[in-house]
Amino acid sequence: MSLAKKQDQTVAVPNDLEAFWMPFTPNRSFKAKPRLISRSQDMHYYTPEGRAIIDGSAALWCVNAGHNRKPIVEAIQKSAAELDYAPAFQFAHPMSFELASRIADLAPKTMDHVFFTNSGSEAVDTALKVAIAYHHAKGQDSRTRLIGRERGYHGVGFGGISVGGMVANRRFFGAMLPGVDHLSHTYNREHQQFTKGEPEWGAHLADDLEKIVALHDAATIAAVIVEPMSGSTGVLPPPKGYLQRLRQICDKYGILLIFDEVITGFGRLGAAFAAERYGVTPDIMTFAKGVTSGSVPMGGIVVRDEIYNAFMNGPEHMPEIFHGYTYSAHPLACAAGLATLNVYRDEDLFNRAKKLEPYWADAVMSLKDEPGVLDIRQVGLTVGIDLASKPDAFGKRGYEAMGHGFHEEGIMLRGMADTLAMSPPLIVTEAQIDEMVDKTRRVIKAVM
Ligand SMILES: Cc1ncc(COP(=O)(O)O)c(C=O)c1O
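Numbered as in the working numbering, the sequence shown ends at 459 without a single skipped number.
And the structure:
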């Protein structure tokens, strides 16, 4: 079609499924049998025909406060009517400072400064850049190497896929960042199968960092980035003592520790951040998703005071860091963020998640004897259920389970290859947990 013809189409543009190239989706399979959702409320989605779908995954691990919560909706509506946009470069609106203070207040002590982005991927790239620039500010220019971990997911920017450890997200995208190494992942089925919470086995794997230091010298290493719990590769809780050990090794060598808390932030593990659950304070922490309960895109990083202060020098008329996004601290996102944090506080949702954890753990572990269930890992209000793969088609069983869940059982499950993940909104009730587990049980029986 010519450009001119396209521009003439002011009325009759067909609304079919073709134009939208869907992210992280098998487009042809989806478009042959779509899973459409058009409305949501509290624990449920609704299809265009009005069928209820219970949200077993907080959508993409993000709707922690539940869907379309009135205070959040109203704050967004009010903000949109009052201030459409304000630049965060050189100007600012009051809500951005208020939200930064509120997030810093939830973060561990000494982490008091917040930089806003629009997504988790941008938060990760921001964290990596800040780490390298921090060492430069301290006169340690040789510290540029970044260490990620196998089976890590840190979004899809070039920084994030470089430190990430998911082969499918890396293999077609060229050389990526130079100077990146990876720690081993922490999952071992033989030692950890069907563990509730953090496995006993695996703290020693943090010592991988010692090997990398021995290979490259600590003076070349800027930072280590890990998800406290790896979500996207199937819910891998940290072994007991692992994060503490990583912290000690980082301290020993002056390496910054970055926690990617895009999933684990805002109550998912029964505390404001995983850092609090594990009593380990990183130097930089990313967040996104739960900060607005998914209602408006937003992400960011929280840094230790020492990091922020290291940048606060140089000429006072110049920016201290040449980094930022047009939509950093967008008014709509700040309004949504403030209202969301109020819901978390007023309904004590992080503690609610903590109290529900034992019930959740028992309920999901009851699936362990279903056919083809190879392992179940649980921590906080999350679970990963490994299903036996089809001999000829890795990932197909998980895809079928997700589709069967949606179309036949009315549940949203995350299918990550042949692992099913659940992470419900934190407002979930015990009865709804039972309902989700029953539905998932039937889904597993149906696809095995
Ligand atoms: C740990 C982690 N980091 C980063 C990201 C990327 O976030 P986004 O999709 O908002 O870019 C995700 C997304 O799931 C994530 O789980």
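The beta carbon of each residue, even a glycine, is placed where N, CA and C say it ideally should be.
| Query | Result |
| --- | --- |
| Opening and closing residue of the alpha helix (DSSP H) in which R181 lies | 178–181 |
| Proximity test, V454 beta-carbon vs ligand 1 heavy atom, cut-off 7 Å | no |
| Per DSSP, the bridge partner or partners of A404 | K401 |
| Exposed unless 16 or more other CB atoms sit within 10 angstroms - verdict on A111 | buried |
| Endpoints, the beta strand (DSSP E) within which R160 is located | 156–160 |
| Three-state secondary structure (DSSP) of M12 | Legend: pLDDT at M12 = 45, less than 50; position of this residue unreliable, no value from coordinates given. |
| Ligand 1 heavy atom lying under 7 Å from the CB of T242 | Sequence inspection shows Gly at residue 242; the Thr mentioned does not correspond to that position. Checking every heavy atom of ligand 1 against the Cβ of G242, one is found closer than 7 Å. |
| Cβ contact check for the stretch 57–71 and the stretch 324–342: 3 or more pairs under 8 Å | no |
| DSSP state of R315 mapped onto helix, strand, coil | strand |
| Cβ shell of R200 (< 7 Å), same chain only, five flanking positions each side left out | D386 |
| Beta-carbon proximity check, G252 vs A214, cutoff 8 Å | yes |
| Given F127 as reference, the closest of A299, D228, A225 once Cα atoms are compared | A299 |
| Reference F100; option with closest CA among N324, S49, F333, P82 | F333 |
| Between the CA atoms of L431 and V180 - distance to the nearest angstrom | Per the sequence presented here, residue 180 reads as Asn, with Val not at that position. Straight-line Cα distance between these residues: approximately 19 Å. |
| G131 CB to nearest heavy atom of ligand 1 below 7 Å | yes |
| Check: W3 C-beta below 7 Å from any heavy atom of ligand 1 | Because the chain in this structure spans residues 12 to 459, residue 3 falls outside the shown range and cannot be described. |
| First through last residue of the alpha helix (DSSP H) which encompasses G348 | 342–357 |
| Proximity to S173 [Cα-Cα], best of A69, D357, V235 | V235 |
| Proximity to A364 [Cα-Cα], best of A134, A399, L280, A350 | L280 |
| C-beta atoms of M433 and M447 nearer than 8 Å | yes |
| Residue burial classification, N5 (beta-carbon count within 10 angstroms, cutoff 16) | Because the chain spans 12 through 459 in this model, residue 5 falls outside it and cannot be assessed. |
| Alpha helix (DSSP H) runs wholly inside the stretch 177–243, at least 4 long, in chain order | 178–181, 200–203, 219–227 |
| For Y289: DSSP bridge partner residues | For Y289, which the question treats as bridged, DSSP gives no partner whatsoever. |
| Cβ shell of F417 (< 6 Å), same chain only, five flanking positions each side left out | R46 |
| Residue ranges of each alpha helix (DSSP H) within the stretch 113–179, 4 or longer | 131–148, 169–174 |
| Distance CB(T292)-CB(T231) smaller than 8 Å | no |
| Cut-off 7 Å between Cβ atoms - residues of its own chain near P308, not counting five sequence neighbours on either side | N129, S130, A344 |
| Inter-stretch contact (C-beta, 8 Å, three-pair minimum) for the stretch 77–96 and the stretch 344–360 | yes |
| Three-state secondary structure (DSSP) of F41 | helix |
| Alpha carbon of M427 to alpha carbon of G409, nearest angstrom | 7 Å |
| Residues of its chain near R113, where Cβ-Cβ distance is below 6 Å and the 5 sequence neighbours each way are ignored | L352 |
| N- and C-terminal bounds of the alpha helix (DSSP H) containing Q101 | First-last for Q101: undefined, no H or E at that position. |
| G245 beta carbon less than 8 Å from that of G395 | yes |
| Own chain, CB closer than 7 Å to T303, minus 5 neighbours either side, in chain order | M309, A344, A347, G348, T351 |
| Close beta carbons around E287, own chain, < 8 Å, minus the five adjacent residues each side | P119 |
| D271: CB within 7 Å of a non-hydrogen atom of ligand 1 | yes |
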